[in-house]
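Asker: The sequence shown begins at 0 in numbering that gives the first Met the number 0 and counts up by one.
All C-beta atoms, glycine included, are put in the ideal place defined by N, C-alpha and C.
Right, I'll just put the structure down here and ask away after.
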Amino acid sequence: MQQRYTYTAMLFHWLIALLVVAAFTLGLVMTDIPGLTPTKLRYFSWHKWLGVTVLLLAVLRVLWRLFHPSPAYPASMARWQQSAANGLHFLLYVLIFAVPLSGYFYSLASGVPVVYLGLFELPVLFKASTELKPVLKAVHFWLNMLLAGSVGIHVAGALKHQLVDRDGVLRRMLP
Ligand code: HEM
């Protein structure tokens with residue numbers, strides 16, 4: 000019988016996954032709306048709140064993870080596959096910080112303060128900048144493309160374990 004992830008690990012995993020997918024989809028939808036409409040502005044706020052929530056959960060998750068190692072991979076998994084999985088998981092951890100941070104910095108460079116849930120203003124770490132604004136916009140976009148690609152490989156790997164290898168790796172992350 001394989002060791003499973005704990006319920007705390009599953010909660011962090013699925014909650015962050017859900018919020019990332021929601022923020023990503025809303026990001027694409029809102030930037031597609033032409034002009035400046037009230038709906039667009041509302042979507043921008045929701046997008047930022049979702050993203051900041053991901054950042055907060057990412058901090059909690061990494062702090063928790065430092066003291067709670069993951070269960071070992073099944074012995075049937077080749078060494079290179081274990082290393083590839085570890086590398087991809089590390090990249091995903093980096094991206095759940097880098098993507099929201101780049102969005103936050105982009106907002107600051109645009110001169111728009113970020114007010115989480117309409118209640119708490121995040122620190123204005125630097126002044127609006129016409130030079131930084133396009134750079135950070137591109138950084139936010141391309142980090143998102145890297146995130147989408149990494150999540151795609153992560154999901155494909157999980158499905159291969161389930162359907163081809165049938166080694167129970169996906170089930171370890173399911174309640
Ligand atoms: C998990 C977190 C996040 C994800 C997955 C995400 C995803 C995206 C995506 C896919 C876009 C559309 C990019 C494009 O087509 O140009 C976008 C745009 C944007 N995001 Fe995020 N984002 C996240 C967090 C944040 C945060 C925390 C903020 C600010 C506090 C933010 C601010 C923005 C802004 C202002 C835009 C509009 C860019 C423009 O003007 O075209 N994002 N985001």
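Cβ of Leu27 versus every heavy atom of the ligand HEM: is any distance shorter than 6 Å?
Answerer: The sequence position of residue 27 within the sequence shown is 28, counting from 1. It does: the Cβ of Leu27 is within 6 Å (strictly closer) of some heavy atom of the ligand HEM.
Asker: Return yes when the C-beta of Lys47 is under 6 Å from any heavy atom of the ligand HEM, and no when it is not.
Answerer: Within the sequence shown, the letter at position 48 stands for residue 47. At least one heavy atom of the ligand HEM is nearer than 6 Å to the Cβ of Lys47, so yes.
Asker: Taking the beta carbon of Ile152 as the centre, do at least 16 other beta carbons fall within 10 Å, making it buried, or is it exposed?
Answerer: Taking the first residue of the sequence shown as position 1, residue 152 is located at position 153. Counting Cβ neighbours within 10 Å, Ile152 comes out exposed, since fewer than 16 surround it.
Asker: Just checking Pro133 against the ligand HEM - is the residue's beta carbon closer than 6 Å to any of the ligand's heavy atoms?
Answerer: Residue 133 sits at position 134 when you count from the first residue of the sequence shown. No, since every heavy atom of the ligand HEM falls outside the 6 Å radius drawn around the Cβ of Pro133.
Asker: On the CB-based measure, 16 or more other CB atoms within 10 Å of its CB, does Ser101 come out buried or exposed?
Answerer: Here residue 101 corresponds to residue number 102 of the sequence shown, with the count starting at 1. By the 10 Å Cβ count, Ser101 comes out buried.
Asker: Let me know the alpha helix (DSSP H) ranges lying completely inside the segment 68-129, each 4 residues or longer, listed in chain order.
Answerer: Entirely contained in the segment 68-129, the alpha helix (DSSP H) runs reaching 4 residues are, in chain order, 78-108.
Asker: In this structure, how does DSSP classify Thr36 when only helix, strand and coil are distinguished?
Answerer: Translated into the one-based positions of the sequence shown, residue 36 becomes position 37. Coil at Thr36, not helix or strand.
Asker: Applying the 10 Å Cβ sphere with the 16-neighbour rule, what's the burial state of Tyr103?
Answerer: For the purposes of this step, residue 103 is identified with residue 104 of the sequence shown, where counting begins at 1. Result: buried.
Asker: Taking the alpha-carbon of Asn175 as reference, which of Thr7, Gly156 and Leu54 has the nearest alpha-carbon?
Answerer: Any question about residue 175 goes unanswered here, given that the chain covers just 0 to 174.
Asker: Could you tell me whether any non-hydrogen atom of the ligand HEM is closer than 6 Å to the CB of Tyr103?
Answerer: What you label residue 103 is simply residue 104 of the sequence shown in a count that begins at 1. Yes, the beta carbon of Tyr103 sits closer than 6 Å to at least one heavy atom of the ligand HEM.
Asker: Shorter than 6 Å, the distance from the beta carbon of Ser128 to the closest heavy atom of the ligand HEM, or not?
Answerer: As a first step, residue 128 must be located in the sequence shown, where it is residue number 129. Not so, every heavy atom of the ligand HEM lies at least 6 Å from the Cβ.
Asker: For Leu181 and Leu135, I'd like the C-alpha separation in whole angstroms.
Answerer: Shown here, the chain extends from 0 to 174; a query on residue 181 therefore has no answer.
Asker: Taking 6 Å as the cut-off, does the CB of Trp45 come closer than this to any heavy atom belonging to the ligand FMN?
Answerer: With respect to small molecules bound, the structure shown includes the ligand HEM and not the ligand FMN.
Asker: With DSSP run on the structure shown, which of helix, strand or coil describes Gln161?
Answerer: As a first step, residue 161 must be located in the sequence shown, where it is residue number 162. Helix.
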